[in-house]
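Worksheet: the structure to be examined is printed underneath.
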Amino acid sequence: MIIKMALRNLKRNHRRSFAIILTIALGVGALFLYHGFNTGIMNQYKFNTIRSRFGHGQINEKNYRLKVYEKPWDHWIDNFTSIEKVLKNDPHVNFIFPRIEFYAMLTNGKINVAGRGQGIDGISEGKFFSALNFIEGKNLSDEDNGVILGAGLARSLDVKIGDRVTVLTNTIFGSLNAADLQLVGIFHTGVKEFDDASFRLPLKQAQTLLDTQKIETIALGLKDESDDKSWDEVKSVIESNFLNLEATPFAVLDEVYYQHAVDFLWAQFGAIRLIILVIVILGIFNTISTAILERKQEIGNLRANGESKKDVMKLLLAEGLIAGIFGSLLGIILSYLLNATLLRQGILMPPSPGITRQFHVFVELQASYLMVTVLLGIACTMLGTYFAGRKVVQTQIGELLRSL
Amino acid sequence: MVDRNIIYNCEQVSYHYQMGNQSVQALVDINLKIERSDFLVFCGPSGSGKSTLLNLLGLIESPQRGEISFQGKSLNGLNEIEKNHIRRHDLGLIFQTFHLINILNAFENVEYFLTRQGIEKKEREKRVRESLDRVGLSSQLTKKPLEMSGGQRQRVAIARALAKRPQVIIADEPTANLDQKNGHEIMSILKELSSELGTTLLIASHDPMVIASASRTIRMQDGRLV
Numbered sequence: 001m002i003i004k005m006a007l008r009n010l011k012r013n014h015r016r017s018f019a020i021i022l023t024i025a026l027g028v029g030a031l032f033l034y035h036g037f038n039t040g041i042m043n044q045y046k047f048n049t050i051r052s053r054f055g056h057g058q059i060n061e062k063n064y065r066l067k068v069y070e071k072p073w074d075h076w077i078d079n080f081t082s083i084e085k086v087l088k089n090d091p092h093v094n095f096i097f098p099r100i101e102f103y104a105m106l107t108n109g110k111i112n113v114a115g116r117g118q119g120i121d122g123i124s125e126g127k128f129f130s131a132l133n134f135i136e137g138k139n140l141s142d143e144d145n146g147v148i149l150g151a152g153l154a155r156s157l158d159v160k161i162g163d164r165v166t167v168l169t170n171t172i173f174g175s176l177n178a179a180d181l182q183l184v185g186i187f188h189t190g191v192k193e194f195d196d197a198s199f200r201l202p203l204k205q206a207q208t209l210l211d212t213q214k215i216e217t218i219a220l221g222l223k224d225e226s227d228d229k230s231w232d233e234v235k236s237v238i239e240s241n242f243l244n245l246e247a248t249p250f251a252v253l254d255e256v257y258y259q260h261a262v263d264f265l266w267a268q269f270g271a272i273r274l275i276i277l278v279i280v281i282l283g284i285f286n287t288i289s290t291a292i293l294e295r296k297q298e299i300g301n302l303r304a305n306g307e308s309k310k311d312v313m314k315l316l317l318a319e320g321l322i323a324g325i326f327g328s329l330l331g332i333i334l335s336y337l338l339n340a341t342l343l344r345q346g347i348l349m350p351p352s353p354g355i356t357r358q359f360h361v362f363v364e365l366q367a368s369y370l371m372v373t374v375l376l377g378i379a380c381t382m383l384g385t386y387f388a389g390r391k392v393v394q395t396q397i398g399e400l401l402r403s404l
Numbered sequence: 405m406v407d408r409n410i411i412y413n414c415e416q417v418s419y420h421y422q423m424g425n426q427s428v429q430a431l432v433d434i435n436l437k438i439e440r441s442d443f444l445v446f447c448g449p450s451g452s453g454k455s456t457l458l459n460l461l462g463l464i465e466s467p468q469r470g471e472i473s474f475q476g477k478s479l480n481g482l483n484e485i486e487k488n489h490i491r492r493h494d495l496g497l498i499f500q501t502f503h504l505i506n507i508l509n510a511f512e513n514v515e516y517f518l519t520r521q522g523i524e525k526k527e528r529e530k531r532v533r534e535s536l537d538r539v540g541l542s543s544q545l546t547k548k549p550l551e552m553s554g555g556q557r558q559r560v561a562i563a564r565a566l567a568k569r570p571q572v573i574i575a576d577e578p579t580a581n582l583d584q585k586n587g588h589e590i591m592s593i594l595k596e597l598s599s600e601l602g603t604t605l606l607i608a609s610h611d612p613m614v615i616a617s618a619s620r621t622i623r624m625q626d627g628r629l630v
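Structure follows, in structure tokens:
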């Protein structure tokens with residue numbers, strides 16, 4: 001009977017009920033879409049971070065990242081083959097990228113520029129690091145003496161594809177060494193400081209330059225991009241098999257840009273969610289207050305015939321519950337419709353902090369957040385209804401019956 | 405000793421209400437005993453206190469001074485749950501302005517409070533049909549209050565009070581919004597019920613026709629029984 005009464009009370013004034021349901025729908029829709037938008041940005045950041053530089057994470061000697069050594073190569077990995085064997089047996093690992101990093105001077109014969117080199121396996125990295133955008137040329141493949149430069153570095157050296165670039169550095173024993181390389185590609189990650197100083201050359205070439213067979217870092221590409229648990233399992237396998245090593249996820253490696261951006265965006269989402277919910281509660285409170293004031297005599301009649309304050313509040317809350325359910329579901333449906341139509345092409349975003357290029361964000365609606373949003377919508381409606389009805393329900397019966 | 409034949413006992417009951425900064429004395433030291441099955445009409449000019457007295461007897465308001473006993477129990481000592489129990493089971497209220505639930509049809513208006521009394525569906529339906537039949541509305545079950553005339557609405561209100569099978573029916577100016585023909589019909593229904601079911605009938609009215617049909621009349625003036 002309560003549900004029947006509640007439904008009919010909602011039907012009593014179509015326009016007002018529609019306004020209530022629309023308020024809830026807009027609030028829930030905004031919340032759901034904004035969550036999807038945030039998820040889209042996060043995933044875009046994550047993709048860029050993983051697929052441009054770091055992979056899903058890296059393996060180094062324990063504490064290597066946190067210390068500055070006079071001779072860092074003394075702490076490089078000298079048993080890469082046995083580590084590679086373990087990693088190849090791990091079902092989560094798809095790509096293994098041995099790397100070494102070093103500082104060097106680059107010259108085109110006229111201009112000298114300092115840079116930070118990475119010796120890499122060009123063939124396997126080319127398959128994985130798809131977010132490394134090439135402005136000119138291509139990625140490293142099987143060339144023995146190829147080099148790719150960050151866009152800023154290439155600009156400073158004033159070189160173009162096919163030009164010779166000489167890389168000068170010290171071997172790990174302190175003597176000067178040089179390699180004449182040919183520019184095969186100019187890349188652009190969007191991270192200015194990386195693009196202004198970084199260059200990549202084949203791992204073997206870098207090892208020859210530094211006169212070592214060691215590996216500084218092993219970056220990994222996992223099979224499942226979205227599953228963070230895979231990384232935890234890989235980390236546990238590595239750290240239990242090789243006690244001197246540690247595996248660090250990309251979010252820690254790129255803490256400044258990725259993790260801070262993620263933390264910032266979620267904090268912002270929390271604040272905006274609160275604002276949306278407060279607006280919804282106030283909107284509902286306002287509309288339902290008017291509706292309840294018009295029903296004071298009816299409420300008085302119910303009370304005079306034995307309905308308790310609690311019974312009347314239950315009836316009002318049942319109306320709130322039904323409006324909340326309809327409004328929330330409408331909000332979810334509208335979100336999906338909007339995402340499938342107007343937002344289908346994504347939203348072009350300006351460059352984020354530390355990044356120089358624009359990017360498209362796709363709203364990624366999360367089924368896992370759907371129920372949370374619906375429940376928030378219903379809770380807000382019931383809260384708004386409770387505040388709107390509280391005073392009237394507490395009023396004396398005689399006063400209610402006398403009201404106009 | 406409690407006289408079981410007395411349903412209401414008012415002792416030194418006074419009530420005042422605020423009108424702006426002024427305190428208006430609506431009832432002054434009312435002493436009154438009402439017997440079971442009484443058909444009692446409170447009459448008197450507007451502002452004499454008859455509606456206020458009915459409100460106190462109907463547990464709509466509480467007296468600021470004095471004591472009202474219902475079936476031997478002081479109402480002053482009852483908590484809200486006990487009062488609601490009396491309102492739900494022992495009292496049937498009929499208002500001048502009907503106070504029906506506009507979203508429910510005639511049948512549902514009568515049925516609603518029976519549901520709340522916890523009466524089973526079959527018995528409920530039987531009582532609703534009987535009550536509406538009794539007031540001549542057996543063919544108007546699905547009509548909503550706003551689709552009915554004033555007389556029909558008042559009949560629904562009577563059927564609603566009747567179906568509860570209360571000890572007391574309290575009616576405040578039940579004929580005030582009706583024409584003479586409808587007023588007559590309503591009064592004869594109420595009178596019939598009172599004598600048939602032994603329900604105590606308390607009515608506030610200044611309608612001579614209503615006053616004439618009462619078994620006992622109490623005149624009121626300036627908040628006092630005269």
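Respectively, the protein sequence lines represent chains Y and G.
Sequential numbering of the first sequence, starting at 1, is according to my numbering.
Sequential numbering of the second sequence, starting at 405, is according to my numbering.
Beta carbons: idealized from backbone N, C-alpha and C, even for Gly.
Go to residue i, then tell me how far its alpha helix (DSSP H) extends in each direction, as first and last residue.
i: V392 of chain Y; result: 367-394
i: F502 of chain G; result: No alpha helix (DSSP H) holds F502 of chain G; DSSP gives it neither H nor E.
i: V113 of chain Y; result: Element bounds for V113 of chain Y: not the alpha helix (DSSP H) but the beta strand (DSSP E), 112-120.
i: I615 of chain G; result: 612-617
i: H489 of chain G; result: 484-493
i: F285 of chain Y; result: 260-293
Would you say residue i faces chain Y, with C-beta separation under 7 Å as the test?
i: I507 of chain G; result: yes
i: T546 of chain G; result: no
i: F511 of chain G; result: no
i: H420 of chain G; result: no
Classify residue i as buried or exposed, calling it buried when 16 or more other Cβ atoms lie within 10 Å of its own Cβ.
i: R402 of chain Y; result: exposed
i: R295 of chain Y; result: buried
i: E484 of chain G; result: exposed
i: I472 of chain G; result: buried
i: S450 of chain G; result: exposed
i: P91 of chain Y; result: exposed
i: Q118 of chain Y; result: buried
i: I507 of chain G; result: buried
i: W266 of chain Y; result: exposed
i: R469 of chain G; result: exposed
i: N63 of chain Y; result: exposed
Where does residue i sit, in a helix, a strand or coil, going by DSSP?
i: M313 of chain Y; result: helix
i: E529 of chain G; result: helix
i: F474 of chain G; result: strand
i: Q422 of chain G; result: strand
i: S236 of chain Y; result: helix
i: V28 of chain Y; result: helix
i: Q182 of chain Y; result: strand
i: G555 of chain G; result: helix
i: Y336 of chain Y; result: helix
i: A197 of chain Y; result: coil
Using beta carbons (cut-off 7 Å, strictly below), is residue i in contact with chain G?
i: M313 of chain Y; result: no
i: G331 of chain Y; result: no
i: I397 of chain Y; result: yes
i: G320 of chain Y; result: no
i: S308 of chain Y; result: yes
i: N13 of chain Y; result: no
Taking residue i as the reference, which of the options has the closest Cα?
i: Q544 of chain G; options: G:R628, G:V514, G:L566, G:E527; result: G:V514
i: K127 of chain Y; options: Y:S141, Y:A291, Y:R164, Y:V237; result: Y:S141
i: A197 of chain Y; options: Y:E70, Y:S82, Y:A154, Y:N145; result: Y:A154
i: N48 of chain Y; options: Y:H360, Y:G389, Y:L10, Y:V392; result: Y:H360
i: D537 of chain G; options: G:A563, G:L550, G:S553, G:R520; result: G:A563
i: Q584 of chain G; options: G:K547, G:V572, G:V614; result: G:V614
i: E84 of chain Y; options: Y:F97, Y:W76, Y:T385; result: Y:F97
i: L22 of chain Y; options: Y:L87, Y:P202, Y:A323; result: Y:A323
i: G327 of chain Y; options: Y:I2, Y:E193, Y:C380; result: Y:C380
Grab the span of the beta strand (DSSP E) containing residue i for me, first residue to last.
i: V165 of chain Y; result: 164-170
i: G146 of chain Y; result: 146-150
i: H56 of chain Y; result: Unbroken run through H56 of chain Y: none, as it is neither H nor E.
i: F97 of chain Y; result: 93-107
i: V572 of chain G; result: 572-576
i: F443 of chain G; result: 443-447
i: M624 of chain G; result: 620-625
i: A247 of chain Y; result: 245-249
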